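If you count the sequence shown from 1, position 253 lands on 460 in my numbering, and the numbers rise without skipping. Every residue gets a Cβ at the ideal spot worked out from N, C-alpha and C, and that includes glycine. If you're wondering where the values come from, they're calculated on a predicted model, not measured in any experiment. Below you'll find the structure, written out as structure tokens, and then a few comments.
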Amino acid sequence: MTTATMPLDAISYVCSLVRQRSAIELDAAKAYLIEARLGPLARRHGFPSITDMVRSLQAKPKPDMQQELVEAMTTNETSFFRDAHPFEALRVKVLPDLLRLAAAKRSLHIWSAACSTGQEAYSIAILIREHFPELGQWNARIYATDLCDDVLQKGRAARFSQIEINRGLPAALLAKYFRRDGMLWQLAPEPRAMVAFTKLNLIERWPPLPPMDVIFLRNVLIYFSADNKKRILERMRDALAPQGVLFLGAAETTMGLDNTFVREQAGSGVFYRNHPSLTK
Numbered sequence: 208m209t210t211a212t213m214p215l216d217a218i219s220y221v222c223s224l225v226r227q228r229s230a231i232e233l234d235a236a237k238a239y240l241i242e243a244r245l246g247p248l249a250r251r252h253g254f255p256s257i258t259d260m261v262r263s264l265q266a267k268p269k270p271d272m273q274q275e276l277v278e279a280m281t282t283n284e285t286s287f288f289r290d291a292h293p294f295e296a297l298r299v300k301v302l303p304d305l306l307r308l309a310a311a312k313r314s315l316h317i318w319s320a321a322c323s324t325g326q327e328a329y330s331i332a333i334l335i336r337e338h339f340p341e342l343g344q345w346n347a348r349i350y351a352t353d354l355c356d357d358v359l360q361k362g363r364a365a366r367f368s369q370i371e372i373n374r375g376l377p378a379a380l381l382a383k384y385f386r387r388d389g390m391l392w393q394l395a396p397e398p399r400a401m402v403a404f405t406k407l408n409l410i411e412r413w414p415p416l417p418p419m420d421v422i423f424l425r426n427v428l429i430y431f432s433a434d435n436k437k438r439i440l441e442r443m444r445d446a447l448a449p450q451g452v453l454f455l456g457a458a459e460t461t462m463g464l465d466n467t468f469v470r471e472q473a474g475s476g477v478f479y480r481n482h483p484s485l486t487k
């Protein structure tokens with residue numbers, strides 16, 4: 208396959224398609240990234256160049272290939288217990304509060320949005336089993352969603368490479384919750400059973416979800432425009448249970464986007480509480 212630089216109109220087509228389907232903002236300055244990620248897709252479909260693939264889609268749109276293109280342009284960066292502080296806040300503050308507030312209904316719903324291959328959702332499941340065994344008697348469920356079929360399939364399999372394991376998973380938890388399966392590590396059935404993987408595009412219609420006690424939406428908003436950030440935060444607020452908690456990435460905030468969230472902190476972990484008295 209040739210490696211000539213894509214013409215501007217082909218880049219614009221890719222940026223527009225990705226924006227429409229995922230709300231991810233790209234521009235011509237990301238041409239290097241577009242070419243790096245779409246090269247394998249073009250080769251897989253037998254096109255001599257990325258530009259030829261784009262020209263084919265411009266001439267005759269193919270929904271399946273367009274979806275593959277969008278998925279190829281999404282960033283699936285994740286790791287076990289990524290950044291640590293949100294998980295510490297979950298352990299020392301958020302979950303103890305929820306155990307007290309939800310003692311009567313004995314139900315807990317946590318959402319890992321844009322979950323990629325599932326390390327975040329499984330980190331939450333492991334944390335619960337380690338520190339809150341009483342939740343084993345509750346209806347405790349973790350919902351892991353993403354718009355990419357490939358990463359959801361891998362998440363459901365719960366089999367991880369040594370490199371993926373080395374990124375954030377303590378040795379003691381590896382020994383306790385994983386077993387070697389050839390060159391990979393297989394997660395134990397108990398934490399795996401706590402997580403349900405579902406396809407969900409944040410900017411499209413969502414499937415029915417129960418009111419969420421905790422939502423992890425970390426390192427996602429940074430890829431969206433200000434208008435789409437506001438739109439998604441509003442929908443997240445509506446999806447949260449009263450006094451529900453939202454975790455964002457370290458470089459993300461609700462400030463200037465949605466003033467109905469109240470910022471709180473536990474140790475070095477920051478989260479945003481859904482404040483009923485401030486809802487619009």
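Taking the Cα of residue 317 as reference, the smallest distance to any Cα among 288, 423 and 229 is reached at 423. Rounded to the nearest whole angstrom, the C-alpha separation of residue 311 and residue 269 is 51 Å. Using a C-beta cut-off of 8 Å, the region 280 to 296 makes contact with the region 218 to 236, since at least three inter-stretch Cβ pairs fall below that distance. Less than 9 Å divides the Cβ of residue 287 from the Cβ of residue 375. Under the three-state reduction of DSSP, residue 422 is assigned to strand. Under the three-state reduction of DSSP output, residue 406 falls in the strand class.
A residue is called buried once 16 or more other Cβ atoms fall within 10 Å of its Cβ, and residue 256 is buried on that count.
Considering only 240, 319, 343 and 453, the residue with the shortest C-alpha distance to residue 354 is 319. DSSP links residue 354 through a beta bridge to no other residue. Here DSSP, grouped into helix, strand and coil, assigns residue 368 to coil.
Taking the Cβ atoms as the reference, residue 416 lies roughly 7 Å from residue 350, within the contact range of under 8 Å.
Under the three-state reduction of DSSP output, residue 319 falls in the strand class.
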